[in-house]
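Input: a single structure, listed below in structure tokens.
Residue numbers (the working numbering), protein chains in the order written: chain A, 1 to 134; chain B, 1001 to 1137.
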């Protein structure tokens, strides 16, 4: 029960959003990875946010509950000359939608900025609190 | 005399505690802006402040239930807000069940911060008044 809790909440949001940004970076950089250590093409990943259990006062931070694999169908392109092409000449590409990922990235970075703003406001409020009675 | 001092400062003490609690609630709303099924929360500040002031002047605070077993249900009156936390009614509901409207939350957050600041200024002025009343010139 103090303004310091806001720091905890904001930092939980910042770490969750930066993890989301990490996943976006991984998806974008692997948007064309047709194979991997398992021999399968790369599958898109998405983070799942969930609310941290709240304390008595109803306030709660956020955490990444897990990272799920994107279940959407893989992209098929026709390229018979490609080394990974199957018998009929199709190559299975990752199911990463680059436009979706860019939007995801913008949303994550805005949310991160919001948390930073929140921290700054709280910091100035705390500094003001320390001047009571002076 | 001390009694009077307390009375003098009680109003802003209560107001500041509620402002802090509200700031926490709003920050948790902003933090959970992307969490599916999260419901934005807020309090009715004026109403709650009146309640707190009435409770401190008449000593008629809300009584918490005494629990003697872990199986007992908590009365929910824990913390400064107790069971006075309200859910926001969304203007534009989203598909994932989240009711945080970022524009609204940021505005309220800024508004609450300014008013917290104002309360501190008032409190400082009261201290200054008291000090000048005590000094003999």
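Where is the CB? At the ideal position from N, CA and C, for every residue including glycine.
- The segment 9-29 of chain A makes no contact with the segment 76-86 of chain A: fewer than 3 CB pairs, one atom from each, lie closer than 8 Å.
- In the three-state reduction of the DSSP assignment, residue 1135/B falls in the coil class.
- Contact residues of the segment 1-35 of chain A toward chain B are 1, 2, 3, 5, 6, 9, 10, 12 and 13 (C-beta to C-beta distance below 7 Å).
- Between the segment 92-108 of chain A and the segment 2-9 of chain A there are fewer than three C-beta pairs closer than 8 Å, too few to call the two in contact.
- If you compare the alpha carbons of 1031/B, 1066/B and 1022/B with that of residue 1114/B, the shortest gap goes to 1022/B.
- If you ignore the 5 residues before and after residue 1009/B, its C-beta comes within less than 8 Å of the C-beta of 1123 and 1126, all in its own chain and listed in chain order.
- In chain order, 1098 place their CB closer than 7 Å to the CB of residue 1035/B, counting only its own chain and leaving out the 5 sequence neighbours on each side.
- About 7 Å separates the beta carbons of residue 1031/B and residue 115/A, which is inside the 8 Å limit, making them a contact pair.
- Residues of the segment 1091-1117 of chain B with a C-beta atom less than 8 Å from some C-beta of chain A are 1102, 1106, 1109, 1110, 1113, 1116 and 1117, listed in chain order.
- Comparing C-alpha distances from residue 23/A to each of 68/A, 126/A, 76/A and 133/A shows the shortest one belongs to 68/A.
- Rounded to whole angstroms, the separation of the alpha carbons of residue 105/A and residue 25/A is 8 Å.
- Residue 1007/B is bridged by DSSP to nothing; it lacks a bridge partner.
- The segment 1038-1047 of chain B and the segment 1093-1110 of chain B touch, with no fewer than 3 CB-CB distances between them shorter than 8 Å.
- Within the segment 1037-1059 of chain B, contact with chain A at the beta-carbon level (separation under 7 Å) is assigned to 1038 and 1041.
- For the segment 42-65 of chain A, the set of positions with a beta-carbon nearer than 7 Å to some beta-carbon of chain B reads 49, 50, 51, 56, 57, 58, 59, 60, 61 and 62 in chain order.
- Residue burial annotation: residue 71/A is exposed, with fewer than 16 other C-beta atoms found within 10 angstroms of its C-beta.
- Listed along chain B, no residue sits closer than 7 Å to residue 120/A by beta-carbon distance, the nearest being about 10 Å off.
- Around the beta-carbon of residue 1014/B, 16 or more other beta-carbon atoms lie within 10 Å, marking it buried.
- With fewer than 16 other CB atoms across the displayed protein chains lying within 10 angstroms of its CB, residue 78/A is exposed.
- Within chain A, no residue has its CB atom less than 7 Å from the CB of residue 1008/B, the nearest being about 13 Å off.
- Per DSSP, reduced to three states, the secondary structure at residue 1111/B is helical.
- Contacts with chain B (Cβ-Cβ distance below 9 Å) from the segment 88-107 of chain A involve 107, listed in chain order.
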